[in-house]
Amino acid sequence: MSSKPAGYSRLQIALHWVIFLLIAVQFLFHDGMEEAWEAVTRGTYAGPSAGAMLHVVVGLSVLVLVVLRLGVKLKRGSPALPEEEPAVLRAVAHGTHWALYALMILVPLSGAVAWFTVNENAGDGHEVMKSVLFILVALHFAGALFQRFVLKSDVMTRMVRPGA
Ligand code: HEM
Ligand code: HEM
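Counting the sequence shown from 1 gives a position; our numbering is that position plus 1186.
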């Protein structure tokens, strides 16, 4: 990772949007997992529950794909943030990106510990961290809109069109 690439690769872009869709599924359809978890903690879970299985499979897919994505990032790097962007905003973007990576690992990991070892503390941690993930995604989304419509930079385009 000596010099930064001009843009994201096709693989990096595909991973960004596939992971986005999988995380959206987790936030939109978690009722089945919540019901199953309530039964597990009460000792009345008769399993298997389709809703819980969906949550586990989609969540673990996020974990695997994020590890792959981090590997690609460490090997290939990411394009530099726009030079004309104020330093404070660049620092916020940089910090948000790394926090998103950390949470994309910690959220599924805590969920897996909760589910597979029936650990209520891990379940509580999962719940708190998924809320932090949600807030950071909202901030990230606002940042993307700010780049597009206020700073009018090419940042939005580069997560759509691959660059060398
Ligand atoms: C990026 C991946 C994931 C996201 C975004 C996510 C998100 C969520 C959400 C939104 C809830 C509902 C919480 C509530 O409002 O009560 C939840 C609950 C739960 N999830 Fe996940 N989840 C992910 C991965 C996983 C994985 C991989 C597992 C297990 C292998 C898992 C196990 C659980 C369990 C046991 C609950 C119920 C306990 C609780 O409420 O914390 N999750 N998850
Ligand atoms: C679950 C939701 C999302 C997560 C976890 C996420 C995560 C990330 C991460 C970690 C990066 C940094 C990539 C790197 O340099 O390694 C990134 C970049 C980017 N994301 Fe997202 N993202 C999400 C949703 C979105 C949405 C909804 C949009 C816009 C509508 C968006 C637009 C972008 C753009 C434009 C970049 C490139 C930023 C740059 O080149 O500096 N993302 N995303």
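Beta carbons: idealized from backbone N, C-alpha and C, even for Gly.
What you are looking at is a predicted structure, and each value in this text was computed from that prediction instead of being measured.
Contacting residues, own chain, Cβ-Cβ under 7 Å from residue i (five flanking each side not counted)
{"i": "G1218", "result": "S1235, A1236, G1237, A1238, L1240, H1241"}
{"i": "V1248", "result": "I1205, L1208, I1209, M1290, P1294"}
{"i": "V1318", "result": "L1289"}
{"i": "H1216", "result": "H1241"}
Alpha-carbon spacing of residue i relative to residue j, whole angstroms
{"i": "S1195", "j": "L1214", "result": "29 Å"}
{"i": "L1224", "j": "E1306", "result": "One point to set straight first is that residue 1224 is Glu, not Leu, in the sequence displayed. In a straight line, the C-alpha of E1224 is about 10 Å away from that of E1306."}
{"i": "M1345", "j": "F1332", "result": "15 Å"}
{"i": "A1266", "j": "V1211", "result": "30 Å"}
{"i": "A1330", "j": "A1279", "result": "10 Å"}
{"i": "E1270", "j": "L1251", "result": "32 Å"}
{"i": "F1320", "j": "K1261", "result": "28 Å"}
{"i": "L1292", "j": "V1274", "result": "27 Å"}
{"i": "I1199", "j": "P1348", "result": "7 Å"}
{"i": "E1326", "j": "T1282", "result": "Checking the displayed sequence, the identity of residue 1326 turns out to be His instead of Glu. Their Cα atoms are separated by approximately 7 Å."}
{"i": "R1276", "j": "D1310", "result": "32 Å"}
{"i": "T1356", "j": "A1328", "result": "This structure cannot speak to residue 1356, because the chain is shown only from 1187 to 1350."}
{"i": "M1315", "j": "A1222", "result": "20 Å"}
{"i": "R1334", "j": "P1268", "result": "12 Å"}
{"i": "L1286", "j": "F1302", "result": "24 Å"}
{"i": "A1232", "j": "G1245", "result": "22 Å"}
{"i": "H1202", "j": "E1220", "result": "27 Å"}
{"i": "V1253", "j": "P1272", "result": "31 Å"}
Spatial neighbours of residue i in its chain, beta-carbon cut-off 6 Å, leaving aside the 5 residues before and after
{"i": "A1308", "result": "S1296, V1299, A1300"}
{"i": "A1350", "result": "A1192"}
{"i": "H1312", "result": "S1296, G1297, A1300"}
Residue i beta carbon near ligand 4 (any heavy atom closer than 7 Å)
{"i": "I1205", "result": "In the structure on display, ligand 4 does not appear, and the ligands it does have are ligand 1 and ligand 2."}
Other residues of its chain near residue i: CB distance less than 8 Å, five sequence neighbours each side excluded
{"i": "V1304", "result": "V1226, T1227"}
{"i": "K1190", "result": "G1263, S1264, P1265, A1266"}
{"i": "V1323", "result": "I1209, L1286"}
Cβ-based burial, residue i [other Cβ within 10 Å; buried from 16]
{"i": "V1243", "result": "exposed"}
{"i": "M1187", "result": "Confidence at M1187 is low in this model, with a pLDDT of 46, below 50, so the placement of that residue should be treated as unreliable; the coordinate-derived value is given next. It counts as exposed."}
Report task. Kindly confirm or deny that the stretch 1249-1258 and the stretch 1336-1347 touch, where touching means at least three C-beta pairs closer than 8 Å. Result -> The stretch 1249-1258, when compared against the stretch 1336-1347, does not touch it at the 8 Å Cβ threshold.
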